[in-house]
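A quick write-up on the structure given underneath.
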Amino acid sequence: MFRRERSIPLQGSAAALCNNLSVLQMPTRNLTLFGVVHGPTAQVLSAAPDGAPLAQRQLHVSERAGVSPPLITQVHWCVLPFRVLLVLTSHQGIQMYESDGSVMVYWHALDSGDAASVQAVFARGIAASGHFICVGTWSGRVLVFDIPAKGPNVVLSEELRGHQTPITDIATEPAQGQDGVADVVTADDSGSLCVWRSGPEFTLVTRILGFGVPCSSVQLWQGIIAAGYGNGQVHLYEASTGTLNIQINAHARAICALDLAPEVGKLLSAAEDTFVHIWKLSRSPENGCIEVEHCCGECVSDTQVCGARFCDPSGSSFAVTGYDLTEILRFSSV
Amino acid sequence: MSVRTLPLLFLNLGGEMLYILDQRLRAQNIPGDKARKVLNDIISTMFNRKFMEELFKPQELYSKKALRTIYDRLAHTSIMRLNQASMDKLYDLMTMAFKYQVLLCPRPKDVLLVTFNHLDAIKGFIRDSPTILHQVDETFRQLIEVYGALSAGEFQLIRQTLLIFFQDLHIRVSIFLKDRVQNSNGRFVLPVSGPVPWGTEVPGLIRIFNNQGEEVKKIEFKHGGNYVTAPKEGSFELYGDRVLKLGTNMYSAHRPVETHMSGASKNLASKAQKSIAPNPLAKEELNFLARLMGGMEIKKPSGTEPGFRLNLFTTDEEEEHAALTRPEELSYEVINIQAVQDQQRNEELARIMGELEITEQPRQSTSKGDDLLAMMDEL
Numbered sequence: 001m002f003r004r005e006r007s008i009p010l011q012g013s014a015a016a017l018c019n020n021l022s023v024l025q026m027p028t029r030n031l032t033l034f035g036v037v038h039g040p041t042a043q044v045l046s047a048a049p050d051g052a053p054l055a056q057r058q059l060h061v062s063e064r065a066g067v068s069p070p071l072i073t074q075v076h077w078c079v080l081p082f083r084v085l086l087v088l089t090s091h092q093g094i095q096m097y098e099s100d101g102s103v104m105v106y107w108h109a110l111d112s113g114d115a116a117s118v119q120a121v122f123a124r125g126i127a128a129s130g131h132f133i134c135v136g137t138w139s140g141r142v143l144v145f146d147i148p149a150k151g152p153n154v155v156l157s158e159e160l161r162g163h164q165t166p167i168t169d170i171a172t173e174p175a176q177g178q179d180g181v182a183d184v185v186t187a188d189d190s191g192s193l194c195v196w197r198s199g200p201e202f203t204l205v206t207r208i209l210g211f212g213v214p215c216s217s218v219q220l221w222q223g224i225i226a227a228g229y230g231n232g233q234v235h236l237y238e239a240s241t242g243t244l245n246i247q248i249n250a251h252a253r254a255i256c257a258l259d260l261a262p263e264v265g266k267l268l269s270a271a272e273d274t275f276v277h278i279w280k281l282s283r284s285p286e287n288g289c290i291e292v293e294h295c296c297g298e299c300v301s302d303t304q305v306c307g308a309r310f311c312d313p314s315g316s317s318f319a320v321t322g323y324d325l326t327e328i329l330r331f332s333s334v
Numbered sequence: 335m336s337v338r339t340l341p342l343l344f345l346n347l348g349g350e351m352l353y354i355l356d357q358r359l360r361a362q363n364i365p366g367d368k369a370r371k372v373l374n375d376i377i378s379t380m381f382n383r384k385f386m387e388e389l390f391k392p393q394e395l396y397s398k399k400a401l402r403t404i405y406d407r408l409a410h411t412s413i414m415r416l417n418q419a420s421m422d423k424l425y426d427l428m429t430m431a432f433k434y435q436v437l438l439c440p441r442p443k444d445v446l447l448v449t450f451n452h453l454d455a456i457k458g459f460i461r462d463s464p465t466i467l468h469q470v471d472e473t474f475r476q477l478i479e480v481y482g483a484l485s486a487g488e489f490q491l492i493r494q495t496l497l498i499f500f501q502d503l504h505i506r507v508s509i510f511l512k513d514r515v516q517n518s519n520g521r522f523v524l525p526v527s528g529p530v531p532w533g534t535e536v537p538g539l540i541r542i543f544n545n546q547g548e549e550v551k552k553i554e555f556k557h558g559g560n561y562v563t564a565p566k567e568g569s570f571e572l573y574g575d576r577v578l579k580l581g582t583n584m585y586s587a588h589r590p591v592e593t594h595m596s597g598a599s600k601n602l603a604s605k606a607q608k609s610i611a612p613n614p615l616a617k618e619e620l621n622f623l624a625r626l627m628g629g630m631e632i633k634k635p636s637g638t639e640p641g642f643r644l645n646l647f648t649t650d651e652e653e654e655h656a657a658l659t660r661p662e663e664l665s666y667e668v669i670n671i672q673a674v675q676d677q678q679r680n681e682e683l684a685r686i687m688g689e690l691e692i693t694e695q696p697r698q699s700t701s702k703g704d705d706l707l708a709m710m711d712e713l
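Sequences listed follow chains A and B, in order.
Note that the first sequence covers residues 1 to 334 in the numbering used here.
Note that the second sequence covers residues 335 to 713 in the numbering used here.
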């Protein structure tokens with residue numbers, strides 16, 4: 001069971017985008033950073049453990065010619081071995097900042113070149129894998145950036161071509177020295193997933209075909225892929241083979257966010273049906289099969305949830321954003 | 335965001351506008367033939383071929399202000415006049431109604447069924463005018479052609495674009511408050527019961543498969559909602575049962591149109607954002623307006639036909655009061671063309687906008703009411 005805690009006020013309401021909340025836990029400094037997209041701006045703020053807001057910053061995309069300011073699609077903190085970067089994706093390109101959003105380190109403009117005018121051009125889906133940052137694009141291509149230990153010399157090292165439709169989300173897991181382990185999953189608008197092995201050159205391990213429903217959010221934990229879909233289902237796959245092991249009729253509306261508490265294997269699913277559910281993933285001690293257990297569900301009344309994240313590695317607290325809502329709602333276990 | 339959003343936004347807001355006008359025309363006892371003429375004129379302008387061509391070109395959404403300017407012009411294509419306060423209220427009602435429909439829409443794709451509900455009702459308004467009926471059917475076919483082929487992902491992007499367009503708009507609407515679909519803070523009620531969207535299973539079940547893909551076990555869990563299976567999918571054809579009720583006419587003669595304005599629920603955020611946004615009257619936007627409205631043919635009323643003024647409020651006093659007390663942050667500040675110089679396009683736009691004022695009605699009238707209304711008709 002979870003209890004509502006003091007919420008954190010936002011300057012602007014959250015936009016109706018999937019995965020519209022990023023959380024960076026900084027236990028050593030006893031604070032948590034939150035990132036939320038409002039539309040043409042994104043807000044980054046830090047809060048004390050009791051939810052008291054400390055500092056905050058607005059980020060926006062550099063202007064271009066035209067009427068409407070470019071919209072931001074996602075903000076996400078990428079934790080790399082030697083540094084933490086805040087990555088912002090938009091209809092213009094990809095911006096990488098120092099973790100507090102103070103200094104822009106790198107800027108990559110999207111090339112709409114071969115895009116037909118009927119298609120919106122954007123980047124979406126951000127994740128770190130080793131010293132790489134992977135960012136998805138509207139064309140289905142995934143850009144892999146090699147990030148130096150310090151400084152702005154970011155290099156676009158590879159483009160992954162496994163998808164035909166826009167990328168929605170990317171999940172990674174530390175390979176922990178095991179060679180040949182599938183450690184990156186990319187998801188797209190048609191519901192297809194590609195499972196990759198990271199490295200100087202990424203290799204495609206397996207492909208999981210979609211069924212016409214967007215996969216809006218994806219997570220990876222101990223070789224288990226958790227994918228949340230537009231029809232409210234969560235699927236659990238074996239990452240190495242792509243086999244579907246568990247199908248959960250989890251929500252009545254489209255899922256907008258999944259998150260994982262890596263220490264305990266807790267999975268969080270949030271959807272437009274106003275519910276947040278907490279699940280426990282595990283592997284059978286006998287045969288290693290994937291197992292899942294429903295822990296609890298919380299209704300966030302009259303809120304079209306658009307982002308949700310655990311706030312600690314053991315999954316005992318989480319935060320939620322909702323469309324049109326000018327606060328981050330916080331919950332912690334009783 | 336999606337460059338396929340504008341036609342859906344325009345047609346649905348237009349549909350809501352017609353519902354409200356129809357209701358007010360009846361409530362104000364406007365004679366049947368006059369009321370029919372107004373609706374016919376507006377619908378025929380709305381579905382003008384050239385205008386629809388411009389509308390369906392892939393393009394970004396423009397500001398609320400630019401869009402409001404288009405409806406201002408559309409509402410005045412006939413012999414009816416609305417003053418500022420009534421026009422503001424009309425636009426508030428239209429936008430809140432469509433925001434509700436987009437938010438409650440079961441699947442992103444169902445925004446198309448909402449649109450079809452509006453078009454079905456519009457066809458009802460003009461069932462005796464085969465020419466206009468043909469125009470509407472043309473647009474219907476175009477919608478089916480363009481949107482019928484879009485993927486679920488593209489519809490999701492369209493819905494997100496619409497929701498971002500309506501973000502931070504929390505005007506309280508009495509019909510919604512009475513029906514308990516809107517809370518007193520202006521936020522809509524999201525039900526946790528009823529049918530799930532078509533293609534979605536009722537939540538509460540976990541299926542476990544073996545490595546051969548055979549189902550080996552089922553586990554139930556308590557979801558917390560109270561849902562049932564969707565009865566059937568609505569028809570995406572020219573004719574058919576849409577199943578979905580969102581987008582149908584919720585007004586009737588007995589359900590007067592009312593709004594409570596609440597500026598308080600708008601927060602600082604939108605103000606902060608104004609300063610960040612570039613000049614809202616950027617060249618692009620003016621070009622867009624000129625292009626779109628250039629396609630609108632304004633019917634110059636024949637000299638003998640007296641015009642009338644429609645009031646969105648119960649009395650003129652209420653209307654005046656609303657005009658004086660409207661919160662500043664809800665002001666649409668309809669685009670003032672004179673403020674912008676040079677640009678051939680802008681001249682074109684100024685001319686188009688100018689026509690609005692030229693069409694002022696002769697002040698002869700049939701009743702005392704009409705006379706009074708006509709005198710207050712200055713835009």
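Using N, Cα and C, we set each Cβ at its ideal position, and we do this for glycine too.
The continuous alpha helix (DSSP H) containing A431 (chain B) extends over residues Q418 to L438. Pairing S198 (chain A) with G180 (chain A), the inter-Cα distance amounts to about 9 angstroms. Proximity of the segment 102-114 of chain A to the segment 33-40 of chain A falls short of the contact definition, fewer than three beta-carbon pairs being nearer than 8 angstroms. Pairing G487 (chain B) with D100 (chain A) gives a Cβ-Cβ distance that is not under 9 angstroms.
Out of B:K457, B:A483 and B:D462, the CA that lies nearest to the CA of E472 (chain B) is found in B:K457. In the DSSP assignment, I492 (chain B) falls within the unbroken alpha helix (DSSP H) covering A486 to F499.
Residues of the segment 400-413 of chain B whose Cβ lies closer than 9 angstroms to any Cβ of chain A, in chain order: A400.
Residue pairing of N374 (chain B) in beta bridges, as defined by DSSP: absent, with no partner found.
P341 (chain B) and G232 (chain A) do not touch by the CB rule: their CB atoms are close to 28 angstroms apart, not below 8 angstroms.
Contact check for K371 (chain B) and I413 (chain B): beta-carbon distance about 7 angstroms, within the 8 angstroms limit, so the pair qualifies. Residue state for L85 (chain A) is assigned as strand, using DSSP reduced to three classes.
Minimum Cα-Cα distance from N374 (chain B) among the listed residues B:Q469, B:H504, B:S518 and B:R475 corresponds to B:Q469. If you draw a straight line from the Cα of A361 (chain B) to the Cα of S420 (chain B), it comes to about 15 angstroms.
Residue burial is scored here from C-beta neighbours: D111 (chain A) has fewer than 16 other C-beta atoms within 10 angstroms and is therefore classed as exposed.
Under a criterion of Cβ atoms nearer than 8 angstroms, no residue of chain A is adjacent to P565 (chain B); the nearest Cβ is some 15 angstroms distant. Taking C-beta atoms under 8 angstroms as the contact rule, V37 (chain A) and I94 (chain A) fail to qualify, at a distance of about 14 angstroms. Assignment of G348 (chain B) by DSSP, reduced to helix, strand and coil, places it in the helix class. Residues of chain B with a Cβ closer than 7 angstroms to the Cβ of V292 (chain A) are, in chain order, I540. In terms of Cβ geometry, E567 (chain B) and G533 (chain B) form a close pair [threshold 9 angstroms]. Not one beta carbon of chain B lies nearer than 9 angstroms to the beta carbon of N19 (chain A). Within the DSSP secondary-structure output, K512 (chain B) pairs in no beta bridge.
Each of B:K398, B:I542, B:Y585 and B:V436 was checked against the Cα of D513 (chain B), and the nearest Cα belongs to B:Y585. Non-local beta-carbon contacts of K551 (chain B) in its own chain, meaning distances under 8 angstroms to residues more than five positions away in sequence, involve R541 and I542 in chain order. Exposure of T28 (chain A) is indicated by the presence of fewer than 16 other C-beta atoms within 10 angstroms of its C-beta. By the criterion of a C-beta distance shorter than 8 angstroms, R253 (chain A) is surrounded in its chain by G232, A271, E272 and D273, once the five residues flanking it on both sides are discounted.
Within the DSSP bridge table, the entry for W221 (chain A) names A:I224 as partners. A straight line joining the alpha-carbon of W221 (chain A) with that of P285 (chain A) spans about 16 angstroms.
Linking L236 (chain A) to N249 (chain A) through their CA atoms gives a straight-line distance of about 12 angstroms.
By the C-beta density criterion, A149 (chain A) is exposed, having fewer than 16 other C-beta atoms within 10 angstroms.
In the three-state scheme derived from DSSP, where H, G and I count as helix and E and B as strand, D462 (chain B) is classed as coil. Residue pairing from DSSP places Q43 (chain A) in a beta bridge opposite A:V36 and A:Q58. As DSSP reads the structure, N560 (chain B) sits in a beta bridge with B:S527.
Boundaries for T659 (chain B): no beta strand (DSSP E) harbours it, while the alpha helix (DSSP H) harbouring it runs D650 to T659, taken from the DSSP string. Three or more beta-carbon pairs separated by less than 8 angstroms link the segment 156-166 of chain A to the segment 193-213 of chain A, which places the two stretches in contact.
Interface residue (Cβ-Cβ distance to chain B less than 9 angstroms): Y323 (chain A) is classified as such. Between I167 (chain A) and R207 (chain A), the gap from beta carbon to beta carbon reaches 9 angstroms or more.
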